[in-house]
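The sequence shown finishes on residue 637 if you use the working numbering, and the numbering steps up by one all the way, no holes. No residue lacks a Cβ here, since even glycine has one placed at the ideal position from N, Cα and C. Quick caveat, the model's predicted, so the values are computed rather than measured. Here the structure is laid out as structure tokens; the discussion comes afterwards.
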Amino acid sequence: MKIRKGIFFIFAVFFCVPLSVYGQQNWMHVYGDTSVAEWADHMLPTRDGGLLIAGGATDLTTSSHETDTLFLKLDSNGNKRWAKTYGFAGREDWIQSVQQTSDSGYVALCTSKLSASQWDVFILKLDADGEILWKKKIVPNTSYTIWVQLLEETTDGGYMIDGDINAPTETAKDFFLMKLDAQGNILWNKVTGGGDLSLRAYWTHLYRQTADGGFIGSGADWTLLTMSNDLLLRHCDSNGSVIWEKTYGQKYDVFEGFLVEEWGEAVCQTRGGDFAAAGPYIKTSVPSYLSERDFCIIRTDDVGNLKWAKRYGIENTIEKVLHMQPTSCDNGFLIDGIYESSPEVWEPFILKTNPDGSIQWQKSFQCRDAITRVSRVEFIREVPDGCGYYVFGEIQENQAKTRNKFLLMLDANGSILWQMKFADCTESYCLHTVMQHAGEGFMAAGQSSALGSSTDDILVMNLNSFGALPECAHSPIPRVPPDGAIDLMDTPFSMAPIDAVVKNAYLPDYKGIITIDDITNITSGSPAMVDITICDK
């Protein structure tokens, strides 16, 4: 089976729209072309009650096996409405993220591989039928390389872009925030990062939209005075002008014999308008330079005044935050990350806090089978009613020779309600993403070569509310056997307040060395993909 290759997909955009009949029946479809290998990496519900699948297509009839981006539109019963491919001749082109826009079309952030270490970044704006309205390439004005973390439509119909640029001979990065109009033209772009490195170094990115139409970013500010990084928050208005920017960090005291560093790696706004950020908390003893690495969370009001700051961790253990999200059920926070259980062995964890940052519950994953472990959590999402969570991830078995995907449901207290395991990719199926829809069931998408085809095809399943596809002989979803089930164990994280000092920050920024160019040499196609119904119950 040909498994799609590419770069790690960092961000995916999810939003809620009605799905009219997904909850009324379950089905499994495969879509493909005999001379092309296709797969699904992303999916999103559409306003007409259907589904958009986004992934890739590799033409096996060409010597270079070039890969194009692929968009597949389905109705609510899984019937194909249209399929489109877009890409550059002789290259590998990949979709990084996709979302439906306010005009019922779509915008996709894509990359095109030029060489082993060089990528172009481009944007496709499609109408509701998948036809290109405009196509743009993000270009640095120098030899710098560019990478985009996030592309998202803004409330005024334009687009925000958050990314970084890096000089080829330097390890330090600068970070940029860019605003486009509805036609993809640059309205403004701002770059932060740098400093003279002897007196000050700073950076801010991870921008997210705020309720006032502006943006909140998180990062770090290092000064010679503090001798360490402090966590930085920067709030900008819709024009990119700074409303306020502040740092939060434990005060350095040379007589106490340690340095403390904090910086932001996740940021969000709560429903009440507060801001929160999470990231590393590193306490280093001086002069031995032995360090403790935990993580911290801060919460501020809407103008950056600190409400609380806390650190979390296990003694003599390294923990890393991957994502943070506010919870709608109780206005707390859900953190997922990894911790080093033994040298170079990382285990996923979930931590749920109350609104004041106190720990509500904390869990790590453990399999009952001694040769099986949860190697990765792809994502955790809150259920539509806000009082539970579903988790999608990967299980390694037999010393990582077998990799299965799993889906499990947690209640509001972090207890497992049910769990399901999906067949391994070596068994002709490979699932890449899952989402819950308004009908309380789940959509799952990936690739399959299980039907006797010599190539991979797109696999899409509409599962029931327990993640199952009953009465389907071809289903890649065996129920989890008792000896291979996942348990959630209480993780012994401790929590302690941080005596954080809040300071106003004054970060210089400058006009970005970035332009947007029109694309003229992209190719398009309408593949004749066959839609095969495997199950329809």
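Query raised in the report: Taking just the CA atoms, how far does residue 534 sit from residue 595?
Result: Their backbone Cα atoms lie some 33 angstroms apart in a straight line.
Query - The beta strand (DSSP E) enclosing residue 245, as first and last residue numbers - result: In the DSSP annotation of this structure, the continuous segment of the beta strand (DSSP E) that includes residue 245 starts and ends at 245-253.
Query raised in the report: Quick one, are the C-beta atoms of residue 169 and residue 156 less than 8 angstroms apart?
Result: Yes, the pair counts as a contact, with Cβ atoms nearer than the cut-off.
Requested in this report: Taking residue 638 as the reference, give the member of 416, 384 and 433 with the closest Cα.
Outcome: Outside the shown range of the chain, which is 101 to 637, sits residue 638, and nothing can be said about it.
Query raised in the report: Could you give the distance in angstroms between the alpha-carbon of residue 405 and the alpha-carbon of residue 364?
Result: Cα to Cα, the separation comes out at about 16 angstroms.
**Report entry** Coarse secondary structure for residue 113, derived from DSSP in three states
**Finding:** Note that residue 113 has pLDDT 34, beneath the 50 cutoff, so the model's placement of it is unreliable and no number is given.
Query raised in the report: Per DSSP, what kind of secondary structure is residue 518 in: helix, strand or coil?
Result: Residue state, collapsed to three classes: strand.
Query - Other residues of its chain near residue 266: CB distance less than 7 angstroms, five sequence neighbours each side excluded - result: Hits under 7 angstroms: 244, 245 and 273.
Requested in this report: Give the DSSP-derived three-state secondary structure of residue 42 in the structure shown.
Outcome: The question about residue 42 has no answer here: the residues shown for the chain are numbered 101 through 637.
Report task. Answer yes if the stretch 136-152 comes into contact with the stretch 598-608, meaning at least three C-beta pairs across the two stretches below 8 angstroms, and no otherwise. Result -> At 8 angstroms Cβ cutoff, the stretches do not touch.
Query raised in the report: Would you call residue 606 buried or exposed, if buried means 16 or more other Cβ atoms sit within 10 Å of its Cβ?
Result: Counting Cβ neighbours within 10 Å, residue 606 comes out exposed, since fewer than 16 surround it.
Query raised in the report: Grouping DSSP H, G and I as helix and E and B as strand, with all else coil, what is residue 380?
Result: Correct three-state label for residue 380: strand.
Query raised in the report: Per the contact definition of three or more C-beta pairs closer than 8 angstroms, is the stretch 467-479 in contact with the stretch 410-421?
Result: With fewer than three CB-CB distances shorter than 8 angstroms, the stretch 410-421 does not count as touching the stretch 467-479.
Query raised in the report: How far does the beta strand (DSSP E) with residue 351 in it reach, from first residue to last?
Result: No beta strand (DSSP E) holds residue 351; DSSP gives it neither H nor E.
Query - Span of the beta strand (DSSP E), counted from its first residue to its last, around residue 367 - result: Counting along the chain, the unbroken beta strand (DSSP E) around residue 367 starts and ends at 366-369.
**Report entry** Runs of alpha helix (DSSP H) wholly within the stretch 604-635 (minimum 4 residues, chain order)
**Finding:** Residue ranges of uninterrupted alpha helix (DSSP H) with 4 or more members are absent from the stretch 604-635; none lies entirely inside it.
Query raised in the report: Which same chain residues, not among the five before or five after residue 631, have their C-beta less than 7 angstroms away from its C-beta?
Result: Once the five neighbours on either side are set aside, the close Cβ partners of residue 631 are 129, 131, 179 and 180.
Query - For residue 344 and residue 319, believed in contact at Cβ under 8 angstroms, the rounded distance - result: Between residue 344 and residue 319 the Cβ distance is about 14 angstroms, and since that is not below 8 angstroms, they are no contact.
Query - Short Cβ contact (8 angstroms threshold) for residue 154 with residue 207 - result: Not closer than 8 angstroms, so no.
Query raised in the report: What do you get for residue 360, buried or exposed, if any count of 16 or more other CB atoms within 10 angstroms of its CB means buried?
Result: Buried, because 16 or more other Cβ atoms sit within 10 Å of the Cβ of residue 360.
Report task. Measure the CB-CB distance between residue 314 and residue 337 and report whether it falls below 8 angstroms. Result -> Their beta carbons are under 8 angstroms apart, which means residue 314 touches residue 337 by this criterion.
Report task. Could you please give the first and the last residue of the uninterrupted beta strand (DSSP E) stretch that includes residue 570? Result -> First-last for residue 570: undefined, no H or E at that position.
Query raised in the report: Which residues mark the beginning and the end of the beta strand (DSSP E) in which residue 440 is found?
Result: Annotation: the continuous beta strand (DSSP E) that includes residue 440 extends over 433-442.
Query raised in the report: Assuming residue 558 contacts residue 138 under a Cβ cut-off of 8 angstroms, what Cβ separation, rounded to an integer in Å, is found between them?
Result: About 5 angstroms; that satisfies the 8 angstroms criterion.
Query - Chain-order list of residues whose beta-carbon lies under 6 angstroms from that of residue 334 (same chain, five-residue window excluded) - result: The answer, listed in chain order, is 304, 317 and 345.
Requested in this report: Following the continuous beta strand (DSSP E) through residue 219, name the residue where it begins and the one where it ends.
Outcome: Here the beta strand (DSSP E) through residue 219 covers 219-226.
Requested in this report: Would you mind working out which of 173, 140 and 240 sits nearest residue 615, comparing C-alpha positions?
Outcome: Closest by alpha carbon: 240.
**Report entry** 8 angstroms Cβ cutoff met for residue 378 and residue 342
**Finding:** No, Cβ-Cβ distance for residue 378 and residue 342 is not below 8 angstroms.
Report task. Return the CA-CA distance between residue 408 and residue 628, expressed in angstroms with no decimal places. Result -> About 57 angstroms.
Query - Rounded separation between residue 502 and residue 466 - CA only - result: Approximately 17 angstroms between the Cα atoms of the pair.
**Report entry** Identity of the residue in 238, 205 and 211 nearest residue 229 by Cα
**Finding:** Residue 229 has its Cα closest to that of 205, out of 238, 205 and 211.
Report task. Check whether the Cβ atoms of residue 195 and residue 141 lie closer than 8 angstroms to each other. Result -> Between residue 195 and residue 141, the gap from beta carbon to beta carbon is short of 8 angstroms.
Query raised in the report: How about residue 366 and residue 399: do their beta carbons lie closer than 8 angstroms?
Result: With respect to residue 399, residue 366 sits apart: the two C-beta atoms are not nearer than 8 angstroms.
Query raised in the report: Where does residue 285 fall in DSSP's three states?
Result: Coil at residue 285, not helix or strand.
Requested in this report: Measure from the alpha carbon of residue 443 to the alpha carbon of each residue in 427, 460, 464 and 419, then state which is nearest.
Outcome: Comparing Cα positions, the closest option is 419.
**Report entry** Chain-order list of residues whose beta-carbon lies under 7 angstroms from that of residue 284 (same chain, five-residue window excluded)
**Finding:** Correct list, in chain order: 223, 225, 234, 236 and 616.
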